[in-house]
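See structure below.
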Amino acid sequence: MTRHRLIRCDPAQLVRHASTVHATAPDRSAAGDHLQRWRYRVPPAGTTTGWLTRLPDGSVLGWCLEVEPGANGALAHLTVAVVAGRLTLLPVTVQRLALAPFTERELTALARAVEPVAA
């Protein structure tokens, strides 16, 4: 499942921040190759990062953030998929419903952290 958001900042700044927050390195797909990339099969250097998150029920989510430059900032594509755990037993449509709030919350948190505050 992929969500998109325009974030008003430098694309490299967004990737660096996401990598720092989730303790990964830019251009590293911590989530592995099970996630389908949104834009590029092999993305340009410095435009992507990935990480894993464990939920309270033991399920593991794989995340992939891809960023492309836009006219007014960075266009972020955040993809999430269930890697392991009980959520894998659910149908794909139910998984999408369950993952929608997680992806929206993550994109909002990234945007709030890197967007400049209007004076």
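So for the sequence shown, this note's numbering puts the first residue at 137; every next one is plus one.
Positions of the beta carbon are idealized from the N, C-alpha and C atoms, including for glycine.
Please return the same chain residues whose Cβ sits closer than 6 Å to the Cβ of residue i, not counting the five positions on each side in sequence.
i           : result
residue 222 : 193, 195
residue 147 : 203, 205, 210
Within 10 Å of its beta-carbon, does residue i have 16 or more other beta-carbons around it, so buried, or fewer, so exposed?
i           : result
residue 252 : exposed
residue 183 : buried
residue 217 : buried
residue 220 : exposed
What residue does the beta strand (DSSP E) around residue i start on, and which one ends it?
i           : result
residue 190 : 184 to 190
residue 138 : 138 to 143
residue 217 : 209 to 220
residue 196 : 196 to 206
Which residues bound the alpha helix (DSSP H) around residue i?
i           : result
residue 244 : 228 to 250
residue 148 : 147 to 157
To the nearest whole angstrom, what separates the beta carbons of residue i and residue j, a pair I think is in contact under 8 Å?
i           : j           : result
residue 153 : residue 243 : About 12 Å; that fails the 8 Å criterion.
residue 139 : residue 208 : Incorrect: roughly 19 Å between the Cβ atoms, too far for contact.
residue 188 : residue 198 : 6 Å
residue 226 : residue 151 : That belief does not hold up - the Cβ atoms of residue 226 and residue 151 are roughly 31 Å apart, past 8 Å.
On a Cα-Cα basis, can you pick out the residue from the options that is closest to residue i?
i           : options            : result
residue 237 : 215, 210, 207      : 215
residue 185 : 149, 209, 208      : 149
residue 239 : 250, 228, 249, 212 : 212
Within a Cβ cutoff of 7 Å, which residues of the same chain sit near residue i, ignoring the five residues on either side of it in sequence?
i           : result
residue 258 : Outside the shown range of the chain (137 to 255) lies residue 258, about which nothing can therefore be said.
residue 160 : 166, 185, 186, 187
residue 241 : none
Once you ignore the five residues that flank residue i on each side, which residues in its own chain have a CB closer than 8 Å to its CB?
i           : result
residue 255 : Caution applies to residue 255, whose pLDDT of 48 falls short of 50 and renders its modelled position unreliable; the value that the coordinates give is listed next. Same-chain partners within the cutoff: there are none.
residue 250 : 143, 145, 149, 150, 153
residue 137 : 215, 216, 217, 231, 232, 235, 236, 239
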